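A short worksheet on the structure shown next.
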Amino acid sequence: MVKRTFPIDKFKDLQTPFYFYDVELLKETLRNVVAEAGKYDYKVHYAVKANVNPRILSIVCENGLGVDCVSGGEIQTVLNIGFPADKIVFAGVGKADWEINLGLDKNIFCFNVESVPELEVINELAGRKGKIAPVALRINPEVSVHTHHHITTGMKENKFGINLDQLDTVLDTLDLLSSVKLIGLHFHIGSQLVDKEPFQALCSRVNELQQQLAKRKIQVEHINFGGGLGIDYACPDRNPIPDFKEYFELFHTHFPVYPGQKIHFEPGRSIVGQCGNLISQTLYVKEGSFKKFVILDAGFTELIRPAFYEAYHKIENLSSKEPIEVYDVVGPVCESSDCFGKQIDLNKTRRGDIIAIRSAGAYGETMASQYNCRQLPKAYFSDTL
Ligand SMILES: *Cc1c(COP(=O)(O)O)cnc(C)c1O
């Protein structure tokens, strides 16, 4: 894969820090995911919490994907962009009444339900409107995954979903509720998963679960395997597009569908992660007693993943071709955790050099904050710069 070059001359005229999105890469990624999922008629719902920049959302929408929302605000946002309501799934462990009512009023495709009390509230609110709410049960398949503990989601001790041993109770409750209709099962086992094993284990677990449900004469129309496919943070140029072919093939091989059954996915990071870069400028190079610090004008207020999840992002000096030196790369925010990387190899760096923090398209701009009265970052796009 050819190394993508940055329009650094244009960057010089812009106020840093900002997000820079490679629109061509996003479009290529979308074409790829649509083609690979399409082979098996799998439905793809982009997990919008990864990136809600309106331009990004519009491009995703143009490619015909559905969406996975986790709040009423996200539902409003995607409706404004033009996503059809019947392609919206709504997950989240704490849906407020107004959010449920919004979903009901807009006739979204499905509520992914995470507890019995939530099921009862949806039933009550739908009943008041004389509607029947389509629901999928979010089940914890108890598949263990190797990822940061902040981003595992499918285990008993997580706050999300319904545990396997509670499923019968939930189904008993469902029998008593007349304003909800069970249409599917939903799973989401974690994020930034780069091994195939957890997905394979998920398939087996869902197969077993379907057999268990068959005993109660239940066969659901929709299975939603959630998101979680990881991206290559270490080598964004070598692997700019995740291996969607292998990913969907795995599900096709390991998960036999019933006639008429529809399979859904909710990728977030794997769609938008690699197209985004946080562009910043070096304010100072500070020589400490033991190490050198590159102090950027971007901090965790623009990209919180390193501070929050100990996440790795590749860092590049776009201005320098001088020999490599080793630096700690930090931001200006008054917190010690405001650090993008320790002992990082960078071409010799000077004040004013433009630094790119790569693979920042997912959970970057969308998690930005105004801590220290900082401004939210702007975004620029490769095709309109
Ligand atoms: C966050 C989330 C996703 C997307 O996860 P990625 O790791 O970004 O693919 C999908 N489904 C649900 C329910 C989520 O909460």
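Start counting the sequence shown at 73; every next residue gets the next number (the working numbering).
Glycine included, every Cβ here is placed at the ideal spot set by N, Cα and C.
It should be emphasised that the depicted structure is a prediction, and the values quoted were computed from it without experimental measurement.
Taking all protein chains shown into account, Val-105 has 16 or more neighbouring C-beta atoms within 10 Å of its C-beta and is therefore buried. A residue is called buried once 16 or more other Cβ atoms fall within 10 Å of its Cβ, and Ala-107, having fewer, is exposed. Judged by pairs of C-beta atoms under 8 angstroms, the region 229-247 touches the region 181-192, as three or more such pairs exist. Across the set Tyr-399, Phe-316, Glu-397, the C-alpha of Phe-316 shows the shortest separation from the C-alpha of Tyr-112.
Straight through space, the alpha carbons of Asp-169 and Phe-183 are spaced by roughly 13 angstroms.
In this structure Lys-203 is in contact with Ser-251, their Cβ atoms being roughly 7 angstroms apart against a cut-off of 8 angstroms. Following the DSSP letters along the chain, one finds Thr-354 in no alpha helix (DSSP H) but inside the beta strand (DSSP E) bounded by residues 348-359. Residue state for Val-402 is assigned as strand, using DSSP reduced to three classes. Secondary structure of Lys-115 (DSSP, three-state): strand. CA-CA distance, Glu-146 to Lys-121, rounds to 8 angstroms. Distance from the C-beta of Lys-121 to the nearest heavy atom of ligand 1 is below 8 angstroms.
The C-beta of Ser-276 has fewer than 16 other C-beta atoms within 10 Å across all chains shown, which makes the residue exposed.
With a 10 Å radius around the Cβ and a threshold of 16 neighbouring Cβ atoms, Tyr-319 comes out buried. Cα atoms of Ala-119 and Pro-339: separation of roughly 6 angstroms, rounded to the nearest angstrom.
With 16 or more other Cβ atoms inside 10 Å of its own Cβ, Leu-301 counts as buried. A direct Cα-Cα distance of roughly 44 angstroms separates Asn-311 from Lys-287. For a cut-off of 8 angstroms, the C-beta gap from Ile-160 to Pro-126 is around 17 angstroms, too long to register as a contact. In this structure, Pro-339 has its beta carbon less than 8 angstroms from a heavy atom of ligand 1.
For Ile-335, the uninterrupted beta strand (DSSP E) segment begins and ends at 334-337. Of the heavy atoms belonging to ligand 1, none sits nearer than 8 angstroms to the Cβ of Ser-409.
Relative to the Cα of Leu-350, the nearest Cα in the group Thr-88, His-336, Ser-408, Asn-279 belongs to Thr-88. The DSSP-derived three-state label of Val-344 is helix.
Judged by the Cβ position, Gln-346 fails to qualify as a neighbour of ligand 1 at the 8 angstroms threshold, every heavy atom of the ligand being at least this far. For Ser-143, the CB stays at least 8 angstroms from every heavy atom of ligand 1. Assignment of Gln-415 by DSSP, reduced to helix, strand and coil, places it in the strand class. In this structure, Lys-414 keeps its C-beta atom at 9 angstroms or more from the C-beta atom of Ala-306. With a cut-off of 8 angstroms, the C-beta of Leu-301 is classified as near ligand 1, since at least one heavy atom of the ligand falls inside that distance. Asp-140 has its Cβ nearer than 8 angstroms to a heavy atom of ligand 1.
The C-beta distance from Leu-390 to Phe-78 rounds to 6 angstroms, short enough to fall under 8 angstroms. In this structure, Ser-187 has its beta carbon at no less than 8 angstroms from each heavy atom of ligand 1.
Under the three-state reduction of DSSP, Ile-180 is assigned to coil, being neither helix nor strand. For Tyr-91, the enclosing beta strand (DSSP E) stretches over residues 90-93. Under DSSP, His-258 takes part in a beta bridge, and its partners are Arg-210, Asn-296. The three-state secondary structure of Ile-153, taken from DSSP, is helix. Here the region 367-374 makes contact with the region 403-411; the two share three or more CB pairs at distances below 8 angstroms.
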